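Chain order of the listed sequences is A and B.
For the first sequence, the numbering used here assigns the number 1 to the initial residue and increments by one for each residue that follows.
For the second sequence, the numbering used here assigns the number 1001 to the initial residue and increments by one for each residue that follows.
So the structure is just underneath, and the comments pick up after that.
Number of protein chains: 2
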Amino acid sequence: MLKDMIEARHLRVLRAVAATGSFSAAARELGCTQPAVSQQMKALEGAAGTPLLIRTGREMRLTEAGEALVRHAAGILAGLTAAEEEVAAIAGLRAGRVRLVSFPSGSSTLVPTALAGMRAAHPGTRVSLVEAEPPRSVEMLRAGDCEIAVAFRYPQADDAAEAGGGWEDLVARPLLSDRLVVVVPREHRLAGAGTVGMAELAEEPWIAGCPRCRRHLVEVCESEGFTPRIDFATDDYPAVIGLVAAGLGVAVLPELALESVRAKGAVTLEVKPAVRREVVALTLPDLARVPAVAATLDRLESAARR
Amino acid sequence: MLKDMIEARHLRVLRAVAATGSFSAAARELGCTQPAVSQQMKALEGAAGTPLLIRTGREMRLTEAGEALVRHAAGILAGLTAAEEEVAAIAGLRAGRVRLVSFPSGSSTLVPTALAGMRAAHPGTRVSLVEAEPPRSVEMLRAGDCEIAVAFRYPQADDAAEAGGGWEDLVARPLLSDRLVVVVPREHRLAGAGTVGMAELAEEPWIAGCPRCRRHLVEVCESEGFTPRIDFATDDYPAVIGLVAAGLGVAVLPELALESVRAKGAVTLEVKPAVRREVVALTLPDLARVPAVAATLDRLESAARR
DNA sequence: CTTTGAGCATAAGCGTCCCTTGGACCCGGA
DNA sequence: TCCGGGTCCAAGGGACGCTTATGCTCAAAG
Chain A
1 MLKDMIEARH LRVLRAVAAT GSFSAAAREL GCTQPAVSQQ MKALEGAAGT
51 PLLIRTGREM RLTEAGEALV RHAAGILAGL TAAEEEVAAI AGLRAGRVRL
101 VSFPSGSSTL VPTALAGMRA AHPGTRVSLV EAEPPRSVEM LRAGDCEIAV
151 AFRYPQADDA AEAGGGWEDL VARPLLSDRL VVVVPREHRL AGAGTVGMAE
201 LAEEPWIAGC PRCRRHLVEV CESEGFTPRI DFATDDYPAV IGLVAAGLGV
251 AVLPELALES VRAKGAVTLE VKPAVRREVV ALTLPDLARV PAVAATLDRL
301 ESAARR
Chain B
1001 MLKDMIEARH LRVLRAVAAT GSFSAAAREL GCTQPAVSQQ MKALEGAAGT
1051 PLLIRTGREM RLTEAGEALV RHAAGILAGL TAAEEEVAAI AGLRAGRVRL
1101 VSFPSGSSTL VPTALAGMRA AHPGTRVSLV EAEPPRSVEM LRAGDCEIAV
1151 AFRYPQADDA AEAGGGWEDL VARPLLSDRL VVVVPREHRL AGAGTVGMAE
1201 LAEEPWIAGC PRCRRHLVEV CESEGFTPRI DFATDDYPAV IGLVAAGLGV
1251 AVLPELALES VRAKGAVTLE VKPAVRREVV ALTLPDLARV PAVAATLDRL
1301 ESAARR
């Protein structure tokens, strides 16, 4: 079927024979025995349909067809080694591109340190970053628009989330477990409580975050027996803090988001029944075995451990 | 040893997979079964050291390394098919160069018709012609300066010739057996004899041809019991005829040489104990299997049969 | 002239690779 | 729920390729 095709091995042997002028010398150069070279050339001549070599006792010359093949072999083998080199560079972390998508509060903390580590350890690799919230980032991952998606999920209430954008078929590397905290104005009646139950805030006006966070907030509150009154919704965390500090309401934020935001005029309270969100790095099973992707995942994991 | 090398087969399969987007479709295109494609790709990924494909349920995408390989594969496979095409053209007589060396009286009769036949039957081939006498032409053949040497030998007296430039290791295609005739002036005492013995011309002045012919003439005469007195020697056959016609001597010429020379003022006599020379086409054993060379040899043989 | 070394071809043996067959699993659509 | 397309896995068999061993030719050296 696919036989009688000229293979790269044939050209390598032919080139060695043409360069050395003898089967034995070519065999030494190739690291094999002389009959192996002899058989390869016989096979190649069979595929070519015409002699390629002139065995004239003394020296080994090329026929016209042989010269044509050697001439082409130079370019073909050069292209082949270039291809091998490029692939080896990607496999050896001397090259490679990783497109990373992260949600905002992840990209401002975890991702920068991971990216810096990658740049330092593997200068040839290039990791790019785009921000997107989880539902969208998983879509991008599946569509081939990125290699890694840093996302989060709420372990307890994933009924709706799993249905819409479940990622059972993805590789999920857990990075850290992010605790949610309540933020209230400094003058709030509970500002000195330290810990608080969600139900105690049933009557407060709320300031919500991104759509997923907002949905989760509603779910948690309803499980506590009340429906939060949400006056504002923004995924800009400094803005949330500002609104809280201005006394316009209370909010619940992931601790991770507070690491890079100065909570001026607001205080944080621990939530009584601890509410957490899991931050994971997602990728496709095949991509997890790509060296640059795996290295980036490792760096993300290290960065998550502080 | 030589393993782990990327082979052309791998690239062919990879290209088919990338083009069709599925292993099964690629298998259909390649004319093999799907597991064969699957194994080839697994082997290629093993050699590459990194995944090349992303199997995401529905569609089959390429990783960065996969794209790099496909990109190189285009050029590599194009070069390979170009090489196969060029070799196939030579093997199929649509191309090919044959350098032919012939002695003068051969090139004026046999060779032109053979070359004309080659050009008519195989327009892509190019047969070039250079003239050289046998000792030199065989040297050129051995040195790789030509593919075919049209030469002649004297069957009976080859003791000296065989020692110097014997061609037992060459392929000798017999073309024709050329009878030698004696040429005498029209006014010569034997002009009407029709046939003549060499000994009858013992006292005549002789006009010899090329060095080999001259040497052969001396050998034949000495086997007849006399040493010829050679007054002139030239390998220009019309000149020989002219000298004979002018009554300056007698000569012995191959019949073939007289085909293209008008024997004005001279008559030809058959030699009593027939003396012949064998005209053969010589080539190297490997070259005899080159289609263009074999075709040229066939044409020469046909031309020799008239 | 004999000898010796180098080089190529061939044959036999054997390991490996590769392709095929058959079956299982997964998924999306009727 | 069934069915069809697609992939992977396992097993079998056939072909390929390399190696060892042997014979041959040729050229240079003794």
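All C-beta atoms in this analysis are idealised placements derived from N, C-alpha and C, irrespective of residue type, glycine included.
Every value quoted in this text rests on a predicted model; they were computed, and no experiment measured them.
DSSP three-state label for D298/A, please.
D298/A: helix per DSSP, three-state reduction.
Kindly list the residues whose CB is nearer than 8 Å to the CB of A163/A, restricted to its own chain and excluding five residues on each side of it in sequence; keep chain order.
With a pLDDT of only 42 at A163/A, under 50, the local geometry of the prediction cannot be trusted, and the value read off the model is given with reservation. Shown here for A163/A: not one same chain residue has a beta carbon closer than 8 Å to its own, the five before and five after excluded.
Along chain B, which residues have their Cβ under 9 Å away from the Cβ of M5/A?
Neighbours of M5/A on chain B, chain order: A1008, R1009, R1012, L1080, E1084.
Any C-beta of chain B sitting closer than 8 Å to the C-beta of H72/A?
Yes, H72/A counts as interfacial toward chain B.
Should G96/A be labelled buried (16 or more other beta-carbon atoms within 10 Å of its own) or exposed?
Buried, since its Cβ has 16 or more Cβ neighbours within 10 Å.
Which whole-angstrom value describes the C-beta separation of L176/A and A304/A, a residue pair presumed to lie in contact below a C-beta threshold of 8 Å?
Going by Cβ atoms, the distance from L176/A to A304/A rounds to 4 Å, so yes, they are a contact pair.
Distance, Cα to Cα, G1225/B vs A1199/B?
Taking the straight line from one Cα to the other gives about 7 Å.
Rounded to a whole number of angstroms, what is the C-alpha to C-alpha distance between A266/A and L180/A?
Distance between the alpha carbons of A266/A and L180/A is about 15 Å.
Taking the straight line between their C-alpha atoms, what separation do you get for L258/A and V182/A?
If you draw a straight line from the Cα of L258/A to the Cα of V182/A, it comes to about 11 Å.
Could you tell me the distance, in whole angstroms, from the CA atom of G1247/B to the CA atom of A1239/B?
When rounded, the distance between both Cα atoms is 13 Å.
E1007/B to S38/A span [Cα, whole Å]:
So the alpha carbons of these two residues sit roughly 20 Å apart.
To the nearest angstrom, how far is it from the Cα of T389/A to the Cα of A88/A?
Past the boundaries of the shown model lies residue 389/A; chain A is included only from 1 to 306, so the question cannot be answered.
For A161/A, which of helix, strand or coil comes out of DSSP?
For A161/A, the predicted structure reports a pLDDT of 46, less than 50, and the residue's modelled location is therefore unreliable. The matter cannot be settled from this model.
Chain A contact residues for I1148/B, given Cβ-Cβ distances below 8 Å:
Residues of chain A passing the Cβ test: none, with the nearest at roughly 13 Å.
Report the rounded CA-to-CA distance for A288/A versus R306/A, giving the unit in angstroms.
Here the alpha carbon of A288/A sits roughly 23 Å from the alpha carbon of R306/A.
Close-in-space but distant-in-sequence residues of the same chain around A132/A (CB under 6 Å, 5 per side omitted):
Here A132/A has V101 as same chain residues with Cβ atoms under 6 Å from its own Cβ, once five neighbours each way along the sequence are excluded.
A964/B vs T50/A beta-carbon contact at 8 Å
Limits of chain B in this structure are 1001 at one end and 1306 at the other, which puts residue 964/B out of reach.
Determine the burial state of T268/A: buried for a count of at least 16 other Cβ atoms within 10 Å of its Cβ, exposed for fewer.
A buried status is given to T268/A, since no fewer than 16 other beta-carbon atoms sit within 10 Å of its beta-carbon.
Hey, how far is the Cα of F152/A from the Cα of R173/A?
Their Cα atoms are separated by approximately 11 Å.
Tell me which residues share the same chain as A74/A and place their Cβ nearer than 8 Å to its Cβ, disregarding the 5 neighbours each side in the sequence.
Excluding its 5 nearest sequence neighbours in each direction, A74/A has C-beta neighbours in its own chain below 8 Å: R15, listed in chain order.
Provide the residue span of the beta strand (DSSP E) that contains M60/A, from first to last.
That run of the beta strand (DSSP E) goes 59–62.
Assuming contact is defined by CB atoms lying nearer than 8 Å, are W308/A and R229/A in contact in what I supplied?
Look at the range of chain A in this structure, 1 to 306, and you will see that residue 308/A is not part of it.
Please name the residue, chosen from D298/A, V290/A, A251/A, that lies closest to R281/A on a Cα-to-Cα basis.
Arg is not the amino acid found at residue 281/A; the sequence shown has Ala there. A281/A has its Cα closest to that of D298/A, out of D298/A, V290/A, A251/A.
Within its chain, find whatever has a CB closer than 7 Å to the CB of T1020/B; leave out the 5 residues flanking it on each side and keep chain order.
The residues are A1026, E1029.
Are there 16 or more other CB atoms within 10 angstroms of the CB of R12/A, so buried, or fewer, so exposed?
Counting other Cβ atoms within 10 Å of its Cβ, R12/A reaches 16 or more and is therefore classed as buried.
List the residues of chain A whose Cβ lies closer than 8 Å to the Cβ of T1063/B, in chain order.
Ordered by position in chain A, the residues that pass the 8 Å Cβ test against T1063/B are D286, L287, V290.
Under three-state DSSP, which class holds V17/A?
The three-state reading of DSSP puts V17/A in helix, counting H, G and I together.
CB contact check: M1/A to chain B, cutoff 8 Å:
For M1/A, the predicted model reports a pLDDT of 42, less than 50, meaning its position is unreliable; a value from the coordinates is still stated below. Interface criterion met: the Cβ of M1/A is under 8 Å from a Cβ in chain B.
Could you check which residue in H216/A, P135/A, A48/A, E85/A has the C-alpha nearest to that of L69/A?
Measuring from the Cα of L69/A, the nearest candidate turns out to be A48/A.
Looking at C-alpha atoms only, which residue of G1197/B, L1201/B, F1232/B is the closest neighbour of P1211/B?
Among G1197/B, L1201/B, F1232/B, the Cα nearest to that of P1211/B is on F1232/B.
For G1079/B versus H72/A, is the C-beta distance shorter than 8 Å?
Yes.
Is it buried or exposed, R1058/B, if we count other Cβ atoms within 10 angstroms and call 16 or more buried?
With fewer than 16 other CB atoms across the displayed protein chains lying within 10 angstroms of its CB, R1058/B is exposed.
Closer than 8 Å by C-beta to G272/A: which residues in its own chain qualify, once you throw out the five before and the five after it? Chain order, please.
Reading the sequence as shown, one finds Lys at residue 272/A and not Gly. Closer than 8 Å at the Cβ level, and outside the excluded window around K272/A, lie T195, V196, G197, M198.
Where do the ends of the beta strand (DSSP E) carrying P1112/B lie?
In this chain, P1112/B is not harboured by any beta strand (DSSP E); it is covered by the alpha helix (DSSP H) spanning 1110–1121.
Please list the partners that G49/A has in chain B, where partner means a Cβ-to-Cβ separation under 9 Å.
What G49/A touches in chain B: V1087, A1088, I1090, A1091, G1092, P1291.
How would you write the range of the beta strand (DSSP E) that A251/A sits in, first residue to last?
First-last of the beta strand (DSSP E) with A251/A: 251–254.
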